[in-house]
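A.B. asks: Respectively, the protein sequence lines represent chains G and C.
Using the working numbering, the first residue of the first sequence is number 1, and each one after it goes up by one.
Using the working numbering, the first residue of the second sequence is number 365, and each one after it goes up by one.
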Amino acid sequence: MLMKKRSFLAGAATALGLMTVTTGAAWAQQEKVKVGFVYLGPIGDGGWTYQHNQGRLALEEALGDKVETVYVENVPEGPDAERVMTEMALNGCDLIIATSFGYMDYTINVAKKFPKVKFEHATGYKLADNVAVYGSRFYEGRAIQGTIAGMVTKSNVIGYIGSYPIPEVIRGINSVFIHARKVNPDVQLKIVWAFTWFDPAKEADAARVLIEQGADVVIQHTDSTAPQAAAAEAGNVYTFGQASDMADFAPMPRVSSIIDNWAPYYIARAQAVLDGTWESANTWDGIASGMVGIGEVSDAVPAEVKTAAMDMKAAIADGSYHPFTGPLKKQDGSDWLAEGEVADDGVLAGMDFYVEGIEGEVPN
Amino acid sequence: MDLSAINPILLLASLMVAATAVMIAALGELIVERAGVLNLGVEGMMITGAIVGFAAAVHSGSPTVGFIAAAAGGAGLSLLFALLTQVALANQVASGLALTLFGLGLSSLIGQSYVGIKPPSTPKLDIPLLSDIPVLGPIVFRHDLMVYIGIALVAVVWAFLKFTRAGLVLRAVGENHDAAHALGYKVVRIRVMAILFGGACAGLGGAYISLIRVPQWTEGMTAGVGWIALALVVFASWKPWRVLLGAYLFGGVTVLQLNLQAAGIAIPVEYLSMSPYLITILVLVIMSADRSAAPASLGRIFHASQ
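#1: Along the chain, where does the beta strand (DSSP E) containing D335(G) start, and where does it finish?
#2: In the DSSP assignment, find the unbroken alpha helix (DSSP H) run with K113(G) in it and report its ends.
#3: Could you check how far apart the C-beta atoms of V35(G) and L59(G) are, in whole angstroms? I think they sit under 8 Å.
#4: So D332(G) contacts chain C; which residues on that side make the cut at Cβ distance below 8 Å?
#5: If you drop the 5 nearest sequence neighbours on each side, which residues of the same chain put their C-beta closer than 7 Å to that of A600(C)?
#6: Nearest by alpha-carbon distance to A399(C): which of Y512(C), L547(C), S669(C), L662(C) is it?
#7: Consult DSSP for T196(G) and reduce its assignment to one of helix, strand or coil.
#8: Quick check on M365(C): does DSSP put it in helix, strand or coil?
#9: Report the rounded CA-to-CA distance for G44(G) versus H423(C), giving the unit in angstroms.
#10: Can you find a C-beta in chain C that's less than 9 Å from the C-beta of G172(G)?
#11: Under 7 Å between beta-carbons, which chain G residues line up against N371(C)? List them in chain order, please.
#12: Taking the beta carbon of D490(C) as the centre, do at least 16 other beta carbons fall within 10 Å, making it buried, or is it exposed?
#13: With a Cβ-Cβ cutoff of 9 Å, do G392(C) and L568(C) count as a contact?
#14: Mapping the DSSP letters down to three states, classify V457(C) as helix, strand or coil.
#15: How far does the beta strand (DSSP E) with N282(G) in it extend, from its first residue to its last?
#16: For the candidate residues Q271(G), T277(G), P302(G), whose alpha-carbon lies nearest to that of P251(G)?
#17: Quick check on this structure: which residue in S256(G), I173(G), A338(G) has the alpha carbon closest to the alpha carbon of E361(G)?
#18: Give the list of continuous alpha helix (DSSP H) stretches no shorter than 4 residues that lie fully inside the region 434-486 of chain C.
#19: With a cut-off of 8 Å on the beta carbons, I'd call V401(C) and L596(C) a contact; round off their distance for me.
#20: Determine the closest residue to A314(G) out of E140(G), S136(G), P253(G), with distance taken between C-alpha atoms.
#21: With which residues is A132(G) paired in a DSSP beta bridge?
#22: Using a threshold of 9 Å, state whether the C-beta atoms of G47(G) and A243(G) are closer than that.
#23: Looking only at its chain, what residues have a beta carbon closer than 8 Å to the beta carbon of L560(C), apart from the 5 residues adjacent to it on each side?
#24: Give the secondary structure of I380(G) by DSSP, where H, G and I count as helix, E and B as strand, and everything else as coil.
#25: Please say whether L636(C) and Q625(C) have beta carbons closer to each other than 9 Å?
#26: Have a look at C565(C) and G146(G) and give me their C-alpha separation to the nearest angstrom.
#27: For G248(G) and T412(C), what's the separation of their Cα atoms in angstroms?
#28: Can the beta-carbon of K32(G) be found closer than 9 Å to that of K66(G)?
#29: Give the DSSP-derived three-state secondary structure of V401(C) in the structure shown.
#30: Using a Cβ-Cβ cutoff of 9 Å, what residues of the region 189-219 of chain G are near chain C? List them in chain order.
#31: Tell me the residue span of the alpha helix (DSSP H) that contains L594(C).
#32: Determine contact between the region 216-225 of chain G and the region 157-176 of chain G, defined as no fewer than three beta-carbon pairs at a distance below 8 Å.
#33: Out of curiosity, what's the CA-to-CA distance linking L470(C) and F177(G)?
#34: Determine the direct distance from the alpha carbon of K603(C) to that of R535(C), and round the result to whole angstroms.
#35: Per the DSSP calculation, K34(G) is bridged to which residue(s)?
#36: Starting from Y369(G), trace the beta strand (DSSP E) both ways and give me its first and last residue.
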């Protein structure tokens, strides 16, 4: 039945695309740019998709009548994504932005069929002449979360809700663990994989299970605010806003957050299409450029924790500290980074291993 | 691996919470299908119930009002389905799917201003003596009222179908609507009432997610529970107690696999993650080996002239 729902939703999404995408001049390059956004969840998810949509709104604001945007929500990471993008391309979009990792192969497929349309794929790694990829160095924000988590935990158990075992999520887990251990050698990490980006009931269940098993910090890499609500209900549990500030849950349980700020990137890329200067590129920005924002550290944590978090933010921003700096070993005990060595982007982009000290295995 | 981290008492208690929403929605759909109507709009009615119940609870400050409003909201949406399929004789599958789409859209429209708001908390029942029984107390007697209403509903639906005249008539309509019509039963009226009941149940199930299980409003928050409820009715061979068993199995294995993951048990996560679906389907398929079939008139359009 799930499959039915998915294919059906996408059918509907395609229909929606047909309705909202008006036929325009096919390659109206210089005067006006038409941008299509493919969203994984609803724009009201309060997290990942919400932030991408904020980026879209900022784009409309910035370029005014030089830009037209269309979007389709709830597009599953499957063949339906290909249909949605094909519709967008057929209906005159000059730039199509696919906002989830799982759209990767479908984006490449559609891009082959429409060489004149430009594509932007979030958090992926497959490039083509007309496909650029972009992503945030979320792990920089995770380093700050790990520092706070390690300092505030009393049970020394940090719970982590993973979505899918992809490099982006694994980087976050490693970064949190490394920095929590740094300030608190007794810290343990419990990881639960939800195998979904967005399912509030399941996310809440996962948070509750982690809390029942002793976690007093719950970090999520899923898109809804449900874990925040579950933590608020349990009391005395710290959480972090994910993708969006989730300030509704401040000062407790949400004590800080990672905020995805896509707006400057979207504006720059749409402008590049207008100017005819768009080129395929691999953009990976972090705290320094503002693509990764750190939500205010609330007063629910002690002042020294706040100071430590802010110091780390400053050090990452000015480049004096890299969250993956040796000495670091892999989970199996083999050496990864020597003293003072910094991980290179290639390894980080394909990260599929835990660092030493994390229990459990990375699912395949 | 540290199995001692799992508290079996908490596990069993959260099993009941995880199962309730899908169980109530499935029960409603069971009655609808027993009356010979296939309403694929469960997901849409659930999410509508979730937001209507949430909004009513927030404004009135009372979860009870919220649940009543959710039932009304779900039933209201199902009335649309009843009009389409029973009066206008539209295709049930298409109407049901349209209802789901409509419900998802309507709920996000209503829900715009409710994002980030906390609902009034639903008190847990704390029966003085019973809830103090060691082990059994926390598992069975310390839940919110809806958990018990859900179980009571299973018993009521079962007794209604098995022992009452009205239940027999409903089943007759579902098995052979022409014969039931020939006997003088109002097929359309009975089906409309069944559809309304199904809608009310779906609405309750949805509100259980937004008011108790999560508790908050997020767009699209039912995330497929309605479809699981639909599948559950089929796998349970249209029998109420099997719906309960299936829902508890599904909820139980879902919570259990999360617990096992957190405890670091050495089973690959992929298997744990698919286990709720596999185990539930397996058990119910084995149980339904007794040749119990779908209501014969299921999904067929009835018109008195034919």
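Glycine included, every Cβ here is placed at the ideal spot set by N, Cα and C.
Just so you know, these numbers come straight off a predicted model, no measurement behind them.
C.D. replies: In brief:
#1: Per DSSP, the unbroken beta strand (DSSP E) holding D335(G) starts and ends at 335-337.
#2: 104-113
#3: 7 Å
#4: None at all; the shortest Cβ gap to chain C is about 15 Å.
#5: R606, V607, G610, L648
#6: L662(C)
#7: coil
#8: The pLDDT assigned to M365(C) is 47, lower than 50, so where the model puts this residue is not dependable; a value taken from the coordinates is nonetheless given after this. Coil.
#9: 21 Å
#10: no
#11: E212
#12: exposed
#13: Using a Cβ distance threshold of 9 Å, G392(C) and L568(C) count as a contacting pair.
#14: helix
#15: 282-285
#16: When C-alpha distances from P251(G) are compared across Q271(G), T277(G), P302(G), the shortest belongs to P302(G).
#17: I173(G)
#18: 456-475
#19: 17 Å between Cβ atoms; not a contact.
#20: E140(G)
#21: E120(G)
#22: yes
#23: A439, S442, L443, A446
#24: No answer is possible for residue 380(G): the residues shown for chain G start at 1 and end at 364.
#25: yes
#26: 43 Å
#27: Reading off the sequence, residue 248(G) comes out as Asp, not Gly. One C-alpha to the other measures close to 23 Å.
#28: yes
#29: coil
#30: Contact annotation: in the region 189-219 of chain G, residues whose CB is within less than 9 Å of a CB in chain C are K190, I191, V192, W193, A194, F195, T196, F198, D199, P200, A201, K202, E203, A204, D205, A206, R208, V209, L210, E212, Q213, G214, A215.
#31: If you look at L594(C), you'll find it in the alpha helix (DSSP H) that goes 589-599.
#32: yes
#33: Taking the straight line from one Cα to the other gives about 42 Å.
#34: 12 Å
#35: Paired residues: E68(G).
#36: Summary: the structure shown does not reach residue 369(G), with chain G confined to residues 1 through 364, and so no result is reported for it.
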